[in-house]
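According to my numbering, the sequence shown is numbered sequentially starting from 16. Yeah, the Cβ is synthetic: ideal placement off N, Cα and C, and Gly gets one too. Read the structure below first, then the notes.
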Amino acid sequence: MQTFLKQFKIRCGYSIPYHPQSNPVERVHRYINALLRVAVSRSDAVHDDWAVCLPYVEFSYDEKFIPGTKVSPFMLHNGYQPLYPEDLAKGPIKCQNKTYQEKLEFTTEMFEQMEEIVREANEEAKAKQKVNHDATHFDVELQVGDSVLHYCEAGLDKLHFKWHGPYEVVEKKSPVKYIIKDALDGQLVEASVQQIIPFYGEEPVYDDDDEMIQSRGEWKSLKHGTFVVFKRHDDVSWDHLHVGEITQAYNSVTGAIEILHYVDMGPNDRTWDPAKSMEKRRIFVEYVDPEGNSYTRKRNTTQLIPGSTEFRRKYALQGRESITIIVKNFNRQTGGKIPSDVCMKVKDYLKKNDPAPEPSQAKRPSRSR
């Protein structure tokens, strides 16, 4: 097999199952399969002639411009776009009076420019894909000894439960591949990170009132990586509000979430006003130095004070560490701004919960002549 691959200059690589991100040709196969499906589904075609359609599908893929460029795979291979019969009717092809050496240097420079353009477009596309991916996904770092559930296809019944376990993580072979052990028979299984999820134990059964059930449902709807406006129950004043990012979603076993605090420390990065209006806040990650003082990094060029840590805190649904969620699941805008719709919701909350009664309008005294 190795001799065959070497003879035809084929690079062969292997990817783990259930992890298509590690196989870059999957996206190309998806496009080709879609075109072949259309080609063989015509009324005058038979399903056995897909091989006849394959050269035309390949040509269709090669002549398409790579997104973000005016370069196609055909140009990267041949140096020019393919000509169609109608192109010949547009006029004679211009002849370039160049020597062989000049033509060679021109072609080499053109290939280098096209490769650079495609490389830059590819990096830009990857950056955009990463932003879109990170907006809805988060990585779970599993450690040796953690309990997980393993996804495996078992049985043909669609109602059959496909998550089995618990298993124990015994080895981390790579960032996307783990060795897990069955807690019952000790069998070792090699699993992708796509096939396992953390297992925190059985969810306890609660006997609560309707208000607590509603609060628990609200906490379960909090999404990892989004922002919340909340009020701590140990705050001194009723209008002291906080903003943070959900770094750990609701854990039904511990009944807690983890929030990374974001604060506005003012123009000099020295004072924090918890009663400051949301429209005026420009929030950034709160850091705490070894002396317990808070500060932020408004610019990435600002150096961290040695020994500083991000201010993260776990909050429970009940008890002294409980909080009230005011606005949930929003994203911070450019420059640390809070969205206007979030500010309006906070205003409504403060208006409804203001303990001071609204002052009555005093009657104006009438003037006597």
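Under the Cβ criterion (8 Å, minimum of three pairs), the stretch 259 to 275 counts as touching the stretch 315 to 330. Contact annotation: the stretch 83 to 94 touches the stretch 122 to 139, with at least three C-beta pairs closer than 8 Å. Take T84, set aside five residues on each side of it, and the residues of its chain with a beta-carbon closer than 7 Å to its own are I132, V133 and A136, in chain order. The shortest C-alpha to C-alpha distance from V43 to any of S75, C68 and A54 is the one to S75. Ranked by Cα distance from V72, the options V184, L365 and L50 are led by L50.
The three-state reading of DSSP puts P321 in coil, since its state is none of H, G, I, E or B. By the Cβ neighbour-count rule, V40 is exposed, with fewer than 16 other Cβ atoms within 10 Å of its own.
By the neighbour-count criterion, in which 16 or more other beta carbons inside 10 Å mark a residue as buried, E138 falls on the exposed side.
Secondary structure of T122 (DSSP, three-state): helix. If you draw a straight line from the Cα of N368 to the Cα of F245, it comes to about 14 Å. In the DSSP annotation of this structure, the continuous segment of the beta strand (DSSP E) that includes H257 starts and ends at H257 to N266. Comparing alpha-carbon positions, the option among F80, V342 and R347 lying closest to M359 turns out to be V342. Around the beta-carbon of H248, fewer than 16 other beta-carbon atoms lie within 10 Å, marking it exposed. Classified as exposed, M16 has fewer than 16 neighbouring CB atoms from the shown chains inside 10 Å of its CB. Contact between the stretch 191 to 208 and the stretch 225 to 239 is not established, with fewer than three Cβ pairs separated by less than 8 Å. The three-state reading of DSSP puts I47 in helix, counting H, G and I together. Take S252, set aside five residues on each side of it, and the residues of its chain with a beta-carbon closer than 8 Å to its own are P289 and A290, in chain order. R296 is the residue among R296, T286, I211 and V55 whose C-alpha sits nearest the C-alpha of V258. In the three-state scheme derived from DSSP, where H, G and I count as helix and E and B as strand, S337 is classed as coil. Straight-line spacing of the CA atoms in S162 and V55 works out to 48 Å.
The Cβ atoms of G322 and D304 lie closer than 8 Å to each other. For V244, the enclosing beta strand (DSSP E) starts and ends at F242 to R247.
Apart from the 5 residues on each side of it in sequence, W234 sits with its Cβ closer than 8 Å to the Cβ of Y265, I272, L332 and I340 in its chain, given in chain order. The criterion of a C-beta distance shorter than 8 Å is satisfied by E301 and S309. The Cβ atoms of V243 and I261 sit closer than 8 Å to each other. Under the three-state reduction of DSSP, D288 is assigned to coil, being neither helix nor strand.
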